Amino acid sequence: MNQLDTALEPKEKLVADLKVVVSDAEELLAATASQTGEKIAELRERMQTNLRMARLKLADAEAALRESTRQVAKATDHYVHENPWKAIGIAAGAGLLVGMLIGRR
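Quick look at the structure:
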């Protein structure tokens, strides 16, 4: 795993976590729909506005993550095409290492 892959993992987890938070907040809004009162109405309006903004930011983060993933794939593809024997050697070395680790168990 290279540095770009490890850099993408926290971003993917963050996007997934934000989706859960947005979903939970939407459920909370739906559950309190029957509640009345000026403060509750004001809070619901603020939450709806914040959720809209969060959804937009989440969509932007997902798009950026997809673009980063594409760039990593292109860079890897380019490297393998420019250095095929090096790539084969690295893959063989990694395979040997994994095989040795599995063989120990």
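Following this note's numbering, the numbering of the sequence shown begins with 13 at its first residue and continues without gaps. Virtual Cβ for every residue (Gly too), placed ideally from N, Cα, C. These numbers come from a predicted model, not from an experiment.
Check	Outcome
Reduced DSSP category for ALA103 - H, G, I as helix; E, B as strand; rest coil	helix
Whether ALA37 touches MET59 by CB criterion (9 Å)	yes
Nearest residue (CA-CA) to GLU39, options ARG56, LYS69, LYS23	ARG56
Own chain, CB closer than 8 Å to LYS86, minus 5 neighbours either side, in chain order	none
Within 9 Å, strictly: CB atoms of LYS25 and ALA73	no
Pairwise C-alpha distance: GLN47 and THR81	44 Å
Secondary structure of GLY111, DSSP reduced to three states	helix
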